[in-house]
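Visitor: Just add 174 to wherever you are in the sequence shown, counting from 1, and you've got this note's numbering. The beta carbon of each residue, even a glycine, is placed where N, CA and C say it ideally should be. These figures come from a predicted structure and were not determined experimentally. Structure incoming, see below.
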Amino acid sequence: MNTPVSGAAANEARANQTAFRDADLASVTDIAEARVHHDTTARSLRESLALLGDRLAGRMHVPGDSGWDDARAAWNLAVDQRPVAVVVAAGVNDIVQTVLAAKSLGLAVAPQATGHNAGPLAAANGLADALLLRTSEMRGVQVDPELRVARVEAGALWGDVVAAVAPHGLAALAGSSHDVGVVGYTLGGGVSWLARSHGLAANHVSAIELVTADGRRRRVDASHEPELFWALRGGGGDFGVVTAIEFRLFPVAEIVAGTLFFPIERAEEVMQAWAAWTATVPDTVTSVGRLLRFPPMPELPPFLSGRSFVVVEAAIHESPERAVELLAPLRGLAPGMDSVHPQSVAELLRLHMDPPGPTPGYGDGMLLADLSPATVRAFIDAVGPDADTALLTVEIRHLGGALRPEVARSSAAERGAPEPGVVAGFDAEYLVFGAGIAIPGAEEALAASLGRLLSRVEPWRAGVDYLNFAEHERSAERLFGDRVARLRAVKNAVDPTGVIRSNHPVGR
Ligand SMILES: Cc1cc2nc3c(=O)[nH]c(=O)nc-3n(C[C@H](O)[C@H](O)[C@H](O)COP(=O)(O)OP(=O)(O)OC[C@H]3O[C@@H](n4cnc5c(N)ncnc54)[C@H](O)[C@@H]3O)c2cc1C
């Protein structure tokens with residue numbers, strides 16, 4: 175790595191590398207003693223946590239302190255997280271200390287970068303016996319432009335990575351939003367605007383550094399602990415606290431991208447035309463067909479505020495001339511606005527018009543095996559212009575291409591890259607997702623609207639769901655299908671007592 179973009183946290187991690195063992199042992203002994211000399215009462219727990227707090231380079235918040243509400247807040251502001259305490263880690267040593275302390279106290283550790291997918295974690299008070307471990311202040315990013323590799327720390331956001339790699343003419347397989355966490359996104363799979371040409375982000379990861387439930391720091395890759403490396407790439411955050419990941423970058427500086435806007439009254443015509451078009455385009459085109467109902471808000475530009483649209487968003491990794499040819503059938507529908515143009519790949523973080531910051535959201539999604547005219551009709555019945563819906567955004571993403579498992583496997587073999595992880599790709603050609611703003615009082619209408627959408631398209635549902643777009647609880651079988659037993663074997667090997675708590679546990 176010859177171009178450290180933000181090296182402070184990385185240096186701290188290196189310095190800690192030699193020191194952490196002694197510190198670990200001392201803290202565990204202290205905490206264990208605190209338990210022996212007191213019953214497991216609230217007082218002894220407080221004392222034990224205070225011992226942990228004293229040893230952190232970062233900080234700890236407990237209920238009632240002045241930073242408590244900020245520390246426990248998730249990006250999804252509708253989620254009420256109530257853990258035993260929150261640790262805001264300053265570096266890897268804080269993570270080791272937290273895991274060891276939690277283990278000795280019989281608590282769980284729930285790692286979290288942003289809280290974009292905090293809903294399932296906090297459901298049914300799932301944090302009542304857990305320390306919430308925030309990695310949000312570990313945002314170091316290092317780029318090696320020659321090797322085309324990035325190494326990023328646990329709390330880095332996609333905005334951090336894109337800002338670091340774009341000046342080198344490189345692209346990462348980033349999410350649609352600047353403030354989604356790189357690690358959470360990648361552990362779940364990672365569907366980017368380059369997904370149909372490059373596959374899942376998880377399958378371009380070359381190494382993962384983590385702290386496992388025994389407090390050990392490990393670096394896993396295709397040759398070192400390959401089974402753990404397999405589980406981490408698509409299996410989510412159940413196997414340890416990831417402290418850094420390394421992944422490939424791509425020489426993509428420019429892309430043709432943008433949005434075609436049509437009045438929502440044309441939803442069925444446009445969505446049918448888009449669905450038919452997706453069956454004809456090459457893998458260099460990744461697109462979304464979407465219905466958007468913008469609330470009247472002064473923060474929005476006047477041409478969007480209070481208006482509703484059916485839109486097609488597209489990222490086309492082709493020359494501008496070829497992109498014009500590819501777009502002709504959709505442009506032939508005469509969109510009211512057309513923002514598609516050649517642009518820096520960094521601009522893709524704006525294409526999906528995601529919320530600029532933390533938002534109270536209520537949403538969920540599922541994979542669709544297929545998208546027939548009847549599927550589109552069912553979608554329009556549930557959320558189209560005549561539907562009574564509280565959802566502000568409902569989208570269908572086109573998958574396929576390099577996201578097909580067999581394509582992902584053969585392309586990894588051709589490149590001599592590691593075999594794909596637990597989610598090589600999807601046996602599903604499309605993904606549907608709907609969401610609304612969860613302001614107080616709106617929950618019932620949102621739940622009913624989302625239920626209507628998902629039940630209408632259920633006949634086309636694929637065999638499994640996609641972890642990153644599962645914003646409510648799911649069974650491990652629903653997320654991982656026949657790979658559950660292998661994932662549980664990894665979980666039992668690295669975390670037999672269930673110290674690490676993820677939002678989508680694989681079970682044991
Ligand atoms: C506005 C928005 C846009 C999105 N766009 C996309 C998109 O384009 N493509 C896509 O695939 N997904 C997308 N997602 C889904 C997103 O990838 C998931 O919500 C993902 O879980 C977010 O990761 P996070 O770290 O930001 O969230 P968090 O809620 O912080 O983390 C989610 C889970 O990841 C695990 N985790 C996080 N950090 C660690 C760690 N250091 N060690 C171990 N486990 C960890 C934990 O299990 C945690 O519960 C989007 C979500 C939103 C809300």
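Is any non-hydrogen atom of ligand 1 found closer than 8 Å to the C-beta of Pro503, if you look at the structure I gave you?
Guide: The residue labelled residue 503 in the question sits at position 329 within the sequence shown. Short note on Pro503: C-beta not closer than 8 Å to any heavy atom of ligand 1.
Visitor: What is the DSSP secondary structure of Glu499, reduced to helix, strand or coil?
Guide: In the sequence shown, the residue the question calls residue 499 occupies position 325. Helix.
Visitor: Does the Cβ of Asn299 have 16 or more other Cβ atoms within 10 Å, making it buried, or fewer, making it exposed?
Guide: As a working mapping, residue 299 is identified with position 125 in the sequence shown. Answer is exposed; the Cβ neighbour count stays below 16.
Visitor: I'd like to know whether the C-beta atoms of Gly535 and Ala405 end up nearer to each other than 9 Å.
Guide: Taking the first residue of the sequence shown as position 1, residue 535 is located at position 361. Taking the first residue of the sequence shown as position 1, residue 405 is located at position 231. Against a cut-off of 9 Å, the Cβ pair of Ala405 and Gly535 comes out as no contact.
Visitor: Considering only heavy atoms of ligand 1, does any lie closer than 8 Å to the CB of Trp249?
Guide: Here residue 249 corresponds to residue number 75 of the sequence shown, with the count starting at 1. Trp249: yes, Cβ under 8 Å from ligand 1.
Visitor: Can you find a heavy atom of ligand 1 that lies under 8 Å from the Cβ of Phe477?
Guide: In the sequence shown, the residue the question calls residue 477 occupies position 303. Phe477: no, Cβ never under 8 Å from ligand 1.
Visitor: Might you give, ordered along the chain, the residues of its own chain that have their beta carbon closer than 7 Å to the beta carbon of Gly232, omitting 5 neighbours on each side?
Guide: The count along the sequence shown starts at 1 and reaches residue 232 at position 58. Excluding sequence neighbours, Gly232 sits near Val261, Val262, Ala263, Ala264, Asp268 and Glu311.
Visitor: Nearer than 8 Å: is that true of the beta carbon of His572 relative to any heavy atom of ligand 1?
Guide: Indexing the sequence shown from 1 puts residue 572 at position 398. False, no ligand heavy atom lies under 8 Å from that Cβ.
Visitor: Starting from Arg630, follow the beta strand (DSSP E) in both directions and report where the run begins and ends.
Guide: The residue labelled residue 630 in the question sits at position 456 within the sequence shown. Unbroken run through Arg630 is the alpha helix (DSSP H), Glu617 to Val631; no beta strand (DSSP E).
Visitor: Would you say Asp528 touches ligand 1, meaning its beta carbon is less than 8 Å from a heavy atom?
Guide: Here residue 528 is taken as the residue at index 354 of the sequence shown, counted from 1. Yes, the beta carbon of Asp528 sits closer than 8 Å to at least one heavy atom of ligand 1.
Visitor: Is DSSP giving Ile613 helix, strand or coil here?
Guide: Within the sequence shown, numbered from 1, the residue matching residue 613 stands at position 439. It is coil, neither helix nor strand.
Visitor: Could you tell me the boundaries of the beta strand (DSSP E) in which Asp562 lies?
Guide: Residue mapping note: residue 562 aligns to position 388 of the sequence shown, counting from 1. Unbroken run through Asp562: none, as it is neither H nor E.
Visitor: Could you give the distance in angstroms between the alpha-carbon of Pro559 and the alpha-carbon of Pro472?
Guide: Locating residue 559 in the sequence shown gives position 385, counting from the first residue. Locating residue 472 in the sequence shown gives position 298, counting from the first residue. Distance between the alpha carbons of Pro559 and Pro472 is about 24 Å.
Visitor: Flag this pair as touching only if the stretch 484-504 and the stretch 444-457 have three or more C-beta atom pairs under 8 Å; answer yes or no.
Guide: yes
Visitor: Who are the Cβ neighbours of Ala279 in its own chain at under 6 Å, not counting the five residues just before and after it?
Guide: On the sequence shown, position 105 is the one that residue 279 refers to. Strictly speaking, residue 279 in this sequence is Leu, with Ala absent from that position. Ser222.
Visitor: Cβ atoms of Ala369 and Thr460: under 9 Å apart, would you say?
Guide: Numbered from its first residue, the sequence shown carries residue 460 at position 286. Numbered from its first residue, the sequence shown carries residue 369 at position 195. The answer is yes: Cβ separation under 9 Å.
Visitor: Can you give the beta carbon distance from Glu420 to Ala381, rounded, assuming they're within the 8 Å contact cut?
Guide: What you label residue 420 is simply residue 246 of the sequence shown in a count that begins at 1. What you label residue 381 is simply residue 207 of the sequence shown in a count that begins at 1. Confirmed, about 4 Å.
Visitor: Given this structure, state the Cα-to-Cα distance separating Gly414 from His646, to the nearest angstrom.
Guide: For the purposes of this step, residue 414 is taken as residue 240 along the sequence shown, with counting starting at 1. For the purposes of this step, residue 646 is taken as residue 472 along the sequence shown, with counting starting at 1. Straight-line Cα distance between these residues: approximately 22 Å.
Visitor: For ligand 1, I want to know if Gly408 counts as a neighbour, meaning its beta carbon is within less than 8 Å of at least one of the ligand's heavy atoms.
Guide: Against the sequence shown, residue 408 aligns to sequence position 234. Between ligand 1 and the CB of Gly408, the shortest heavy atom gap is not smaller than 8 Å.
Visitor: Can you tell me where the beta strand (DSSP E) holding Ser482 begins and where it ends?
Guide: As a first step, residue 482 is located in the sequence shown; it is residue number 308 there, counting from the start. That run of the beta strand (DSSP E) goes Ser482 to Ile490.
Visitor: If distances are taken between C-alpha atoms only, which option among Pro475, Asp544 and Leu661 comes closest to Val606?
Guide: Working through the sequence shown from its first residue, we reach residue 606 at position 432. For the residues Pro475, Asp544 and Leu661, the minimum Cα distance to Val606 belongs to Asp544.
Visitor: At the level of alpha carbons, what is the spacing between Ala616 and Leu565?
Guide: Here residue 616 refers to the residue found at position 442 of the sequence shown. Here residue 565 refers to the residue found at position 391 of the sequence shown. Looking at the two C-alpha atoms, the distance is approximately 10 Å.
Visitor: Excluding the 5 residues preceding and the 5 following Glu632 in the sequence, name in chain order all residues of the same chain whose CB lies nearer than 6 Å to its CB.
Guide: The residue given as residue 632 occupies position 458 in the sequence shown. Same-chain partners within the cutoff: there are none.
Visitor: Does the separation of the CB atoms of His352 and Leu423 fall below 9 Å?
Guide: Along the sequence shown, one-based indexing puts residue 352 at 178. Along the sequence shown, one-based indexing puts residue 423 at 249. No, Cβ-Cβ distance for His352 and Leu423 is not below 9 Å.
Visitor: Can you list, in chain order, the residues of its chain with a C-beta nearer than 8 Å to that of Asp254? Leave out the 5 residues immediately preceding and following it.
Guide: Counting from one through the sequence shown, the residue named residue 254 turns up at place 80. The beta carbon of Asp254 sits closer than 8 Å to those of Ala296, all from its chain and outside the five residues before and after it, given in chain order.
Visitor: Does any heavy atom of ligand 1 sit closer than 8 Å to the C-beta of His285?
Guide: Within the sequence shown, numbered from 1, the residue matching residue 285 stands at position 111. Per the sequence shown, residue 285 should be read as Pro rather than His. Yes; taking the cut-off as 8 Å, the Cβ of Pro285 has a heavy atom of ligand 1 nearer than that.
Visitor: Compute the minimum distance between the beta carbon of Thr272 and the heavy atoms of ligand 3, and state whether it is under 8 Å.
Guide: With respect to ligand 3, the structure offers nothing, as its ligand set consists of ligand 1.
Visitor: State the DSSP-derived secondary structure class of Ala197, mapped to helix, strand or coil.
Guide: Position 23 of the sequence shown, counting from 1, holds the residue named residue 197. Residue placement at Ala197 cannot be trusted, given a pLDDT of 41 that sits under 50; the coordinates are not used to answer.
Visitor: Met511: buried (16+ other C-beta within 10 angstroms of its C-beta) or exposed?
Guide: As a first step, residue 511 must be located in the sequence shown, where it is residue number 337. Exposed, since its Cβ has fewer than 16 Cβ neighbours within 10 Å.
Visitor: Could you tell me whether the stretch 431-443 touches the stretch 512-523, using the rule of 3 or more Cβ pairs below 8 Å?
Guide: yes
Visitor: Rounding to the nearest angstrom, what Cα-Cα distance links Tyr359 and Thr386 in this structure?
Guide: Here residue 359 refers to the residue found at position 185 of the sequence shown. Here residue 386 refers to the residue found at position 212 of the sequence shown. Using only the alpha carbons, I get a separation of about 19 Å.
Visitor: In its own chain, which residues sit with a C-beta less than 6 Å from the C-beta of Gly480, not counting the 5 before and 5 after it?
Guide: Here residue 480 corresponds to residue number 306 of the sequence shown, with the count starting at 1. Only Pro470 meet the Cβ criterion.
Visitor: Using the DSSP secondary-structure output, state which residues sit across from Tyr640 in a beta bridge.
Guide: Numbered from its first residue, the sequence shown carries residue 640 at position 466. DSSP lists no partner for Tyr640.
Visitor: Please report the Cβ distance between Leu542 and Ala602, rounded to the nearest whole angstrom; I am assuming they are in contact, meaning their Cβ atoms lie under 8 Å.
Guide: Locating residue 542 in the sequence shown gives position 368, where the first residue counts as 1. Locating residue 602 in the sequence shown gives position 428, where the first residue counts as 1. At roughly 6 Å, the Cβ-Cβ gap stays under 8 Å, so Leu542 and Ala602 are in contact.
Visitor: Within its chain, find whatever has a CB closer than 6 Å to the CB of Val202; leave out the 5 residues flanking it on each side and keep chain order.
Guide: Counting from one through the sequence shown, the residue named residue 202 turns up at place 28. Any reading at Val202 must be qualified, since the residue scores a pLDDT of 47, below 50, and its modelled position is unreliable; the value itself is stated next. A distance below 6 Å between beta-carbons, with the five flanking residues on each side excluded, links Val202 to the following residues of its chain, in chain order: Leu274 and Ser278.
Visitor: Quick one: does the C-beta of His646 sit closer than 8 Å to a heavy atom of ligand 1?
Guide: Numbered from 1 along the sequence shown, position 472 holds the residue referred to as residue 646. It does not: the Cβ of His646 is nowhere closer than 8 Å to a heavy atom of ligand 1.
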